[in-house]
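A.B. asks: Got a structure for you, written out below as C-alpha cells; questions coming shortly.
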Amino acid sequence: MLNRTNAPEFKQVNEINFIAPKAQQLANGIKVFTVNAGEQELVRIEFIFENVNYDQSKPLQAVTVNSLINNGTKSLSAKEIAEKVDYYGAFLQTEYGADHTTITLHSLNKHLVSVLPIVWSIFNESIFPQQELDIFIQNQKQKLQVNLQKNDFLARKTFANTIFGNTAYGSDIAAADYDTLNREDLLAYFKAAYKPENCVIIAAGKFEDKEFRLLDQFFGNSWENNNTSAVNQFHFSAVEGSEIYIEKDDAVQSALRLGNLTINRTHQDFAKLQILNTLLGGYFGSRLMANIREDKGYTYGIGSGIASLKHAGYFFIAT
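Under my numbering, think of the first position of the sequence shown as 40, with each following residue one higher.
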C-alpha cells in the first residue's frame with residue numbers, strides 16, 4: 040500500500056518525447072499534418088486559413104465571416120447545420136485570430152463520412168443570410184457597449200491601437216463599424232480567404248489511412264476556388280514612450296497597462312524571454328504579485344505577459 044506520509048521521490052526530467060506529426064498533401068496541394076494517437080474512435084480536424092486582404096475601412100470583415108460562416112449555406116439553414124452536426128454527435132467550432140481563422144471539427148470516426156459533407160458545404164456554399172447578419176450586428180454592438188464600461192477593456196483596446204495602429208492587431212473598433220457590414224463584402228472576403236491554397240489542415244486522434252482518404256475525397260478532389268487574395272503583411276516600429284489617460288467619472292477603480300513591441304516566437308531568444316517573464320509576472324507567486332500586491336497592497340492582481348503574433352510580438356504589464 041502506498042505510504043502517503045512519505046513525499047514522492049524527486050526525479051529530474053531528462054527528456055520529453057513529443058509525437059511527431061506526419062506531413063501529407065491532398066490531391067489539390069493542401070498540406071495536412073496528422074497525429075495518429077489514442078485508442079478512442081475520435082478525430083479532431085482543424086482547418087486553418089490565413090487572414091487576407093485587410094482593409095482599414097472594413098476592419099470587421101474577417102471576424103464576421105468567421106462568426107457567420109456556419110449560419111447558412113445554399114442547401115442548409117443555420118438550424119439545419121446545427122441539428123445535423125448535433126445528430127451525429129459532432130462539434131463544429133469557429134475561432135478568429137489576428138493572423139488566422141480556424142474551423143475545427145470534432146467527430147466520431149464512424150460518422151466522419153456524414154459530417155465532412157456539411158463542412159464542405161460551409162466552405163463552398165455559405166451565403167451569410169441577412170437575418171443572421173442583422174442579429175450578429177445587434178448582439179456585437181450591445182456587447183461592445185457593455186465592454187466599453189469596463190476599465191480593463193478600455194486599457195487593452197487603447198494599448199493595442201497605440202502600438203499597432205489601425206491594423207488587424209490594433210484596430211480601434213467602434214459601434215459605427217458594425218453598421219458598415221454588408222453581405223456583399225462578406226461574400227467577397229469569404230471567397231478570397233476560404234480556398235484550398237490558403238488552407239492548412241491539422242488532424243489528430245485515431246486518424247488513419249481511411250480517414251485521410253475521406254478528407255481527400257471531400258477537400259482534395261471536390262474543392263475548387265480560384266479567387267485571388269493577398270495574405271496580410273504588417274510592419275511595425277517601437278512606439279516612443281507616452282502616457283495615455285482615459286477619464287471615467289463613474290469609475291471606482293482603475294486599470295493600468297504598459298508595454299511595447301518585443302520579439303516574437305521566430306526569434307532565437309523568445310524561450311528565454313518567456314522564462315524571464317514568468318519570474319517577473321507570469322504566475323501568482325511572481326515578483327510583481329509578491330511586491331505590488333502582497334508587500335505593498337496596491338492592487339488585487341498584477342501580472343505581465345508576452346504575446347507572439349505573426350508579424351510582431353509585444354510585452355505588457357497589466358493591473
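Cβ coordinates follow ideal geometry from the N, Cα and C atoms, glycine included. Please read all numbers here as calculations on a predicted model, not as lab measurements.
Taking the Cβ atom as the reference point for each residue, do Ser268 and Asn237 lie within a distance shorter than 8 Å?
C.D. replies: For this step, residue 268 is matched to residue 229 along the sequence shown. For this step, residue 237 is matched to residue 198 along the sequence shown. It is a contact, given that the beta carbons lie within the stated cut-off.
A.B. asks: Three-state secondary structure (DSSP) at Leu99?
C.D. replies: As a working note, residue 99 is residue 60 in the sequence shown. Residue state, collapsed to three classes: coil.
A.B. asks: So, helix, strand or coil for Asn190, using DSSP?
C.D. replies: For the purposes of this step, residue 190 is identified with residue 151 of the sequence shown, where counting begins at 1. Here Asn190 sits in helix by DSSP.
A.B. asks: Secondary structure at Gly342, three-state DSSP: helix, strand or coil?
C.D. replies: Within the sequence shown, numbered from 1, the residue matching residue 342 stands at position 303. In the structure shown, Gly342 sits in a strand (DSSP, three-state: E or B).
A.B. asks: Which first and last residues belong to the beta strand (DSSP E) in which Asn299 is found?
C.D. replies: Numbered from 1 along the sequence shown, position 260 holds the residue referred to as residue 299. Asn299 -> beta strand (DSSP E) spans 296-301.
A.B. asks: Would Asn190 and Gln292 qualify as a contact pair, given that the criterion is a beta-carbon distance under 8 Å?
C.D. replies: Mapped onto the sequence shown, residue 190 falls at position 151. Mapped onto the sequence shown, residue 292 falls at position 253. Cβ distance < 8 Å, so Asn190 and Gln292 count as in contact.
A.B. asks: Comparing alpha-carbon positions, which option in Tyr127, Pro156, Lys50, Gly342 lies nearest Gly259?
C.D. replies: In the sequence shown, counting from the first residue as 1, residue 259 sits at position 220. The shortest Cα separation from Gly259 among Tyr127, Pro156, Lys50, Gly342 belongs to Pro156.
A.B. asks: Among Arg332, Ala232, Ala346, which residue has its Cα nearest to the Cα of Gly340?
C.D. replies: Counting from 1 along the sequence shown, the entry for residue 340 is found at position 301. Cα-wise, what sits closest to Gly340 is Arg332.
A.B. asks: What three-state label does DSSP hand Phe246 in the structure shown?
C.D. replies: For the purposes of this step, residue 246 is taken as residue 207 along the sequence shown, with counting starting at 1. Note: Phe246 maps to coil in three-state DSSP.
A.B. asks: Do you know how far the Cα of Leu147 is from the Cα of Ile202?
C.D. replies: Position 163 of the sequence shown, counted from the start, is the residue given in the question as residue 202. Position 108 of the sequence shown, counted from the start, is the residue given in the question as residue 147. Taking the straight line from one Cα to the other gives about 44 Å.
A.B. asks: Ends of the beta strand (DSSP E) at Phe162?
C.D. replies: The residue you call residue 162 lines up with position 123 of the sequence shown. It is not in any beta strand (DSSP E) - Phe162 instead sits in the alpha helix (DSSP H) that spans 151-164.
A.B. asks: Could you give the distance in angstroms between the alpha-carbon of Asn303 and the alpha-carbon of Arg43?
C.D. replies: Position 264 of the sequence shown, counted from the first residue, corresponds to residue 303. Position 4 of the sequence shown, counted from the first residue, corresponds to residue 43. Those two C-alpha atoms are separated by around 44 Å.
A.B. asks: Do you know offhand how far Glu164's Cα is from Leu81's?
C.D. replies: To locate residue 164, count along the sequence shown from 1; it is residue 125. To locate residue 81, count along the sequence shown from 1; it is residue 42. Approximately 27 Å between the Cα atoms of the pair.
A.B. asks: Determine the burial state of Gln188: buried for a count of at least 16 other Cβ atoms within 10 Å of its Cβ, exposed for fewer.
C.D. replies: Residue mapping note: residue 188 aligns to position 149 of the sequence shown, counting from 1. Label assigned to Gln188: exposed.
A.B. asks: Thinking Gly342 and Leu327 are a contact (beta carbons under 8 Å), I'd like their distance in whole angstroms, please.
C.D. replies: One-based indexing of the sequence shown puts residue 342 at position 303. One-based indexing of the sequence shown puts residue 327 at position 288. 6 Å between Cβ atoms; contact.
A.B. asks: Is it right to say Thr305 is buried, meaning 16 or more other beta carbons lie within 10 angstroms of its own, or is it exposed?
C.D. replies: Translated into positions along the sequence shown, residue 305 becomes position 266. When all chains shown are included, Thr305 counts as exposed.
A.B. asks: Can you give the beta carbon distance from Asn271 to Asn90, rounded, assuming they're within the 8 Å contact cut?
C.D. replies: Within the sequence shown, numbered from 1, the residue matching residue 271 stands at position 232. Within the sequence shown, numbered from 1, the residue matching residue 90 stands at position 51. Right, the Cβ-Cβ distance comes to about 5 Å (below 8 Å), so this counts as a contact.
A.B. asks: Which word fits Phe130, buried or exposed, when buried means at least 16 other C-beta atoms lie within 10 angstroms of its C-beta?
C.D. replies: Here residue 130 corresponds to residue number 91 of the sequence shown, with the count starting at 1. With fewer than 16 Cβ atoms within 10 Å of its Cβ, Phe130 is classed as exposed.
A.B. asks: Would you kindly report the start and end of the unbroken alpha helix (DSSP H) that includes Phe229?
C.D. replies: Here the question's residue 229 lines up with position 190 in the sequence shown. 222-232 is the extent of the alpha helix (DSSP H) around Phe229.
A.B. asks: How about Gln256 and Tyr217: are their beta carbons less than 8 Å apart?
C.D. replies: As a working note, residue 256 is residue 217 in the sequence shown. As a working note, residue 217 is residue 178 in the sequence shown. Going by C-beta atoms, Gln256 is not nearer than 8 Å to Tyr217.
A.B. asks: Who are the near neighbours of Pro235 in its chain, counting only those whose CB is closer than 6 Å to its CB and skipping five residues on each side?
C.D. replies: The residue given as residue 235 occupies position 196 in the sequence shown. Closer than 6 Å at Cβ, skipping near neighbours: Asn67, Ile69, Trp262.
A.B. asks: With a 10 Å radius around its C-beta and 16 neighbouring C-beta atoms as the bar for buried, classify Arg296 as buried or exposed.
C.D. replies: Residue numbering aside, residue 296 sits at position 257 when the sequence shown is read from its first letter. By the neighbour-count rule (16 or more Cβ atoms within 10 Å), Arg296 is buried.
A.B. asks: Under 8 Å by Cβ, that's how I've got Phe309 and Leu226 pegged, so tell me the actual separation to the nearest angstrom.
C.D. replies: To locate residue 309, count along the sequence shown from 1; it is residue 270. To locate residue 226, count along the sequence shown from 1; it is residue 187. Wrong, their Cβ atoms sit about 39 Å apart, outside the cutoff.
A.B. asks: Which of the three DSSP states, helix, strand or coil, is assigned to Arg304?
C.D. replies: As a working note, residue 304 is residue 265 in the sequence shown. Reduced to three states, the DSSP call for Arg304 is coil.
A.B. asks: Note down the Cα distance separating Tyr337 from Ala194, rounded to an integer number of angstroms.
C.D. replies: As a first step, residue 337 is located in the sequence shown; it is residue number 298 there, counting from the start. As a first step, residue 194 is located in the sequence shown; it is residue number 155 there, counting from the start. Cα to Cα, Tyr337 sits roughly 18 Å from Ala194.
A.B. asks: Report the option in His145, Phe49, Lys349, Tyr127 whose CA atom is closest to the CA atom of Thr245.
C.D. replies: Within the sequence shown, numbered from 1, the residue matching residue 245 stands at position 206. The sequence given here has Lys at residue 245, not Thr. Checked all of His145, Phe49, Lys349, Tyr127; the closest Cα to Lys245 is His145.
A.B. asks: Starting from Glu134, follow its DSSP beta bridges and name the residues at the other end.
C.D. replies: Taking the sequence shown and counting its residues from 1, the one referred to as residue 134 is at position 95. The partner list for Glu134 (beta bridge, DSSP) reads Thr141.
A.B. asks: If you run the structure through DSSP and keep just helix, strand and coil, what is Ile202?
C.D. replies: Within the sequence shown, the letter at position 163 stands for residue 202. Helix at Ile202.
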